[in-house]
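Q: Residue numbers (the numbering used here): 2 to 350.
Quick reminder that beta carbons are idealized off the backbone N, C-alpha and C, glycines included.
Because the structure is a prediction, the values reported are computed rather than measured.
(1) Span of the alpha helix (DSSP H) holding residue 388?
(2) Name, in chain order, the residues that DSSP records as bridge partners for residue 193.
(3) Hey, how far is the Cα of residue 111 from the Cα of residue 98?
(4) Can you tell me where the beta strand (DSSP E) holding residue 33 begins and where it ends?
(5) Would the stretch 38-51 count as touching the stretch 159-168 if we require 3 or more Cβ pairs under 8 Å?
(6) In or out: residue 174 buried (at least 16 other Cβ within 10 Å) or exposed?
(7) Identify every residue that forms a DSSP beta bridge with residue 257.
(8) Would you please verify whether the beta carbon of residue 317 is less than 8 Å from any beta carbon of chain B?
(9) Taking Cβ to Cβ, would you say residue 199 is nearer than 8 Å to residue 138?
(10) Check whether the Cβ atoms of residue 231 and residue 55 lie closer than 8 Å to each other.
(11) Suppose the cutoff is 8 Å on Cβ atoms and the five residues either side in sequence are ignored; what does the same chain contact list for residue 211 look like?
(12) Helix, strand or coil for residue 142? Go by DSSP, reduced to three states.
(13) What does the Cβ neighbour count give for residue 153, buried or exposed, with the cut at 16 atoms within 10 Å?
(14) Along the chain, which unbroken stretches of the beta strand (DSSP E) at least 3 residues long are found entirely within the stretch 38-116?
(15) Helix, strand or coil for residue 240? Go by DSSP, reduced to three states.
(16) What's the C-alpha gap between residue 104 and residue 307?
(17) By the three-class DSSP mapping on this structure, what secondary structure does residue 347 have?
(18) If you follow the alpha helix (DSSP H) that residue 136 is part of, which residue opens it and which one closes it?
(19) Considering only heavy atoms of the ligand GTP, does any lie closer than 7 Å to the CB of residue 348?
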């Protein structure tokens, strides 16, 4: 099989609903690419929850723990430890190439964009009899997802839990998320959404109205730094954070603490103080601009940087930009939480 010639014109933009102005505003079918439905989660809102992970994200954070969530269509992961070099995957699609390194070990390269354009991801995964190729993400209907989530309704009722829509960025699929949330609400199930807030205002408001709880990411508070680290600006995010605070939903802001991005790697007292000053000002500004009570403090969860997603980049054939960066512990981040509490933010790790 000859390697893919590259003559086919494939682009991420032609396959993804991501647009420069934020999440897509066009109506979409009530199906969406889901890459995981995780049951019994305790970290994505109160109580026992089922988390629906949707593919597609307009941000490109170097520390992303779920790189398989970034593109808005199914992908393939290749695990070289199981590959026998038979070439069945390359025979199934011109977007897959097989070569051998100097030591004779197989090396498979996947052009994810062109493979998605061919719509042959399932066939390539099935062609691998050794289990080296895995399909990540599949189109799921609202009916399918809601039915799966309702399987654990008794646990939600006992624990005060519910369903959380996550990603990627769930706002890329507003009709899907809104319809699923309405169906779940009709059964008495609480709904939450984890979001970057990067979406057109009308899209954000439509989905916000269907949510009881919002877990809102605040990654940085400086425009230039945020754009350098995530690929997008802060304008839409700041505006939507104010909208979230002004809504009737419970709002929990969350900030990943990333050495070299939003905190100095030294974690010195001065670095912690500077980070706390900027972050507190950002959160309090949104809180006060939304007219929230002065007696009610905004809540902020700090998420210590970890390396849990490193191997996923290898499986996708991508470089990992945070290699060698030290992980942070709860103990490392607690001084930042304390500094934020001193500035009027109810922060915790």
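A: Straight from the coordinates:
(1) The displayed coordinates of the chain run from 2 to 350. Any statement about residue 388 would go beyond what the structure contains.
(2) 165, 214
(3) 7 Å
(4) 32-42
(5) yes
(6) buried
(7) 304
(8) This model lacks chain B altogether; it includes just one protein chain.
(9) no
(10) no
(11) 178, 179, 182, 183, 186, 192
(12) strand
(13) buried
(14) 50-55, 76-79, 97-101, 107-111
(15) helix
(16) 33 Å
(17) strand
(18) Unbroken run through residue 136 is the beta strand (DSSP E), 134-137; no alpha helix (DSSP H).
(19) This structure lacks the ligand GTP; in fact it carries no ligand of any kind.
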